[in-house]
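**Student:**
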Amino acid sequence: MEKAFAKVEELADNMKEYVNTRIDAVKLNAAERSSSIIANIVAGVIVMAVFMLFFLFCSIALAFGLGEWIGKTWAGFLIVAGLYLIIGIVVWTARVKIIQLPVMNALIKQLFREDEEED
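All the letters of the sequence shown, read from the start, carry residue numbers 4 to 122 under my numbering.
(1) Can you list, in chain order, the residues of its chain with a C-beta nearer than 7 Å to that of S39? Leave out the 5 residues immediately preceding and following it.
(2) By the DSSP assignment, the alpha helix (DSSP H) with A97 in it spans what residues?
(3) Report yes if the C-beta distance between G91 and F80 is below 8 Å; otherwise report no.
(4) Relative to the ligand PLP, is the shortest distance from any of its heavy atoms to the C-beta of N108 smaller than 7 Å?
(5) Mind checking N23: buried by the 16 CB within 10 Å criterion, or exposed?
(6) When the Cα atoms are used, what is the spatial distance from A33 to D27?
(7) In this structure, does DSSP put G74 in helix, strand or coil?
(8) Could you compute how far the alpha carbon of A84 sits from the alpha carbon of G74?
(9) Taking buried to mean at least 16 other C-beta atoms within 10 Å of its own C-beta, is L109 buried or exposed?
(10) For M4, name the three-state secondary structure that DSSP assigns.
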């Protein structure tokens with residue numbers, strides 16, 4: 004009878020160890036995925052900031068160029084601002100299709116990419 008209790012106790016210890024190991028594996032997997040997503044977001048923000056500076060200086064150059072061509076600097080800046088207003092309206096009306104869905108799909112792919120590699 005004592006052998007049976009010893010076996011049950013050993014089985015219970017093994018189950019506890021298995022559960023703790025699985026919990027640690029899940030925590031490690033979650034940490035890996037979240038750190039990967041955060042790293043991608045940070046890299047994207049840095050690249051986006053560089054491109055925004057590029058477009059800012061190109062816009063200023065375009066505004067000055069148009070202003071010199073037209074003869075009025077303020078008109079060049081107004082034309083460039085009008086172009087950005089039109090682009091902003093187009094982006095706002097199609098924001099779900101061109102911003103939300105691609106971002107959601109990229110996050111979902113990032114979250115479930117690891118599962119496909121393990122199988």
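Quick reminder that beta carbons are idealized off the backbone N, C-alpha and C, glycines included.
Note that the coordinates shown come from a computational prediction; the quantities given were computed from them, not determined experimentally.
**Tutor:** Here's the rundown:
(1) Residue mapping note: residue 39 aligns to position 36 of the sequence shown, counting from 1. Result list for S39: Q113, in chain order.
(2) Here residue 97 refers to the residue found at position 94 of the sequence shown. Per DSSP, A97 belongs to no alpha helix (DSSP H) and is neither H nor E.
(3) Residue numbering aside, residue 91 sits at position 88 when the sequence shown is read from its first letter. Residue numbering aside, residue 80 sits at position 77 when the sequence shown is read from its first letter. No.
(4) The ligand PLP is absent from the structure shown, which contains no ligand whatsoever.
(5) Looking up residue 23 in the sequence shown gives position 20. So N23 ends up on the exposed side.
(6) Here the question's residue 33 lines up with position 30 in the sequence shown. Here the question's residue 27 lines up with position 24 in the sequence shown. Roughly 10 Å separates the two Cα atoms.
(7) Here residue 74 corresponds to residue number 71 of the sequence shown, with the count starting at 1. G74 falls in the coil class under three-state DSSP.
(8) Taking the first residue of the sequence shown as position 1, residue 84 is located at position 81. Taking the first residue of the sequence shown as position 1, residue 74 is located at position 71. Going from the Cα of A84 to the Cα of G74 covers about 17 Å.
(9) If you number the sequence shown from 1, residue 109 lands on position 106. The displayed chain sequence assigns Ala, not Leu, to residue 109. So A109 ends up on the exposed side.
(10) Along the sequence shown, read from residue 1 onward, the residue named residue 4 stands at position 1. In the structure shown, M4 sits in coil (DSSP, three-state: anything other than H, G, I, E or B).
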